Each structure stands twice: as C-alpha cells, then as structure tokens.
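Residue numbers (this note's numbering): 2 to 285.
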Ligand code: MN
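Pasting the structure below:
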C-alpha cells in the first residue's frame, strides 16, 4: 500500500474542505469503519477500513447489500487519512470527487487474523460493527486485471449470518438513507452545506433551542463553533486520583460504584454502549 501520496496528489487543499491529514492511527483500539455516500459524477458508496495508519478505501458502485447472493463491485481506490472518517460536506465542483459526501455508516471493524495477507491474497473476511451494517462481510478481488490507473476491481459481499437477508427483502440503502452523523439526506447536504462549513457565525437554530431541555448546553451559540460530523469515536476524560475533594459550586460529587463505565451513544433512536476504549458492549 502506497500510503497517502495518491490522496494528496489528487486534491487541492486550498479549495476542498476535505482534511489533508497525515499517516497516523486513530485513538481507537479497534479499527475505524465508515461508509460515505458520495454524490459525485456517479453516485457511489465509499467503504473505508482503518489499517496501518490509513483508511483502506473501496468505491462501491451500487452500495452494500445485506443479501449474500448480491455481489457489489468495489473499486479499490487510494488510501485516505484517518481524519477522513468524520468528513461530511461538499467537495467543490471541479475538484477531485466534487459533490456531496454523507456519512452513511460508522463504527469499528475486526478481522479473523492476518488482515494484511488477506489484502495481498485478494480475499478479506471481516466483521463490521456499525450502526447500519453488522456481522460478517467479504471483499474478494476479481483477478489482477486493472485499468490504467492501477485500480483493482473487488466484490463486496455479505457473508451468511444472522445479520444477512438471504431473501433479499430489505434494501438497507433505501431503509436508512440518512447520515449517521447529522441525520441529513444527501440533498440537504448538497443544498447549503458548503456555507455552513465556511461560516464562523453561530447558526440560527430556533427550532432546536425551543425543543432542547433547559439544562442541555448548546454548542450552536458558541463563538467559532462549526457544524461538523459526530466523530466515529468519542473517548471520555479519565478520572485523576487526588488527595482532597475540590471545593466550590462548580463541582458535582457522586458516589463511585464498582463496575464498568460505559458511554451511551444515541442516534436516530438507537442506543449503543461503548467502553472507554471504544469497544461496542451493547450486546452485553
Ligand atoms: Mn468517492
């Protein structure tokens, strides 16, 4: 894998809002998984798996299917920086990949063993722990034939398990078209999202502030606050052992019970629980 040279060569970071990024692992212990719906020249879904300090990337022409008999063409494209995993917005017209990008799914992924050799052999079996896609998946390379840019054609296939839909009754792309970060549709991102990315002014959010409970803090009125996608992973601040209790009204004190601490993440009505290391413990 060539690293990020191709990624940087294709983009003008004075123009695009995509992150320049550099090689480096995310803070999560499990590798990041994302799919970005990309309304470019041709609509496609970009599957990205964090490995070795970059995001391995495939452009899936028709998007993923839960039906194991559906094999979806996945063109292996250049590695992306890890920071790209939270990107949602508009890539300006005329730039490489110009169009709207919607964060369609995110979470973590795991593999059954030596993932590096799997990529070299052209057969990658892995598990996705996302909000929309879960369970066993496969990427299979279709021979070594490649186009002039050296891009390889792979197939993305759902492996048979309890998360699969062998009857082909469900279309996850139509069922869950929205962004997991903002809840927006690709059309909503396309209309005016660019303005939000570039504005330093606080956004007017009368509807939100009316609905918000009085105790909930709102970032929208903060100076310099910028609308951005929810990061794929959030790590909590850790406690510091001190010898005395701090005094003053700005402190809250609570009893420390024995057990495990977890972060609860609620999106589109789905609650999931994560350990501080980013492991999904919802099932437990
Ligand atoms: Mn793309």
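Where a beta carbon is used, it is the ideal one built from N, C-alpha and C, also for glycine.
This structure is a prediction, so every number in the text was calculated from the model and none was measured.
Among the residues of its own chain, which have a CB less than 8 angstroms from the CB of residue i, if the five just before and after it don't count?
i	result
residue 73	61, 62, 63, 64, 65, 66, 156, 157 and 158
residue 211	Per-residue confidence for residue 211 stands at a pLDDT of 40, beneath the threshold of 50, marking its modelled position as unreliable; no derived number is given.
residue 69	158, 159, 160, 161, 165 and 167
residue 55	2, 4, 5, 24, 80, 81, 82 and 83
residue 205	Model confidence at residue 205 stands at a pLDDT of 43, short of 50, so the residue's coordinates are unreliable and nothing is read from them.
Are residue i and residue j closer than 8 angstroms when you measure CB to CB?
i	j	result
residue 59	residue 39	no
residue 91	residue 18	yes
residue 47	residue 36	yes
residue 111	residue 233	no
residue 317	residue 23	Only positions 2 to 285 of the chain appear in this structure, which leaves residue 317 out of reach.
residue 87	residue 226	no
residue 277	residue 262	yes
residue 132	residue 268	yes
residue 97	residue 152	no
residue 101	residue 191	yes
residue 182	residue 239	no
residue 251	residue 180	no
residue 117	residue 142	no
Does the beta-carbon of residue i, which I'm using as the reference point, lie nearer than 7 angstroms to any heavy atom of ligand 1?
i	result
residue 98	yes
residue 9	no
residue 60	yes
residue 106	no
residue 39	yes
residue 77	no
residue 80	no
residue 280	no
residue 112	no
residue 13	no
residue 45	yes
Excluding five sequence neighbours on each side, which residues of the same chain lie with their C-beta closer than 6 angstroms to the C-beta of residue i?
i	result
residue 7	79
residue 125	119 and 140
residue 195	The predicted model places residue 195 with a pLDDT of 40, which falls under 50 and marks its position as unreliable; any figure quoted below should be read in that light. 91.
residue 169	68
residue 177	133
Got a sec? Which residues, its chain only, sit under 7 angstroms from residue i by beta carbon, not counting five neighbours each side?
i	result
residue 15	none
residue 135	129 and 164
residue 171	67
residue 13	96
residue 282	263, 274, 275 and 276
residue 99	41, 92 and 93
residue 284	none
residue 106	35, 36, 131, 132, 133, 134 and 181
residue 201	Residue confidence for residue 201 is low, a pLDDT of 41 falling below 50, so the modelled location carries little weight and cannot support an answer.
residue 184	269
Complete beta strand (DSSP E) runs within the stretch 25-90 (minimum length 3 residues, chain order): The qualifying runs are 32-40, 44-52, 55-61 and 73-82.
Runs of beta strand (DSSP E) wholly within the stretch 159-190 (minimum 3 residues, chain order): Given a length threshold of 3 residues, the stretch 159-190 has no whole run of the beta strand (DSSP E) inside it.
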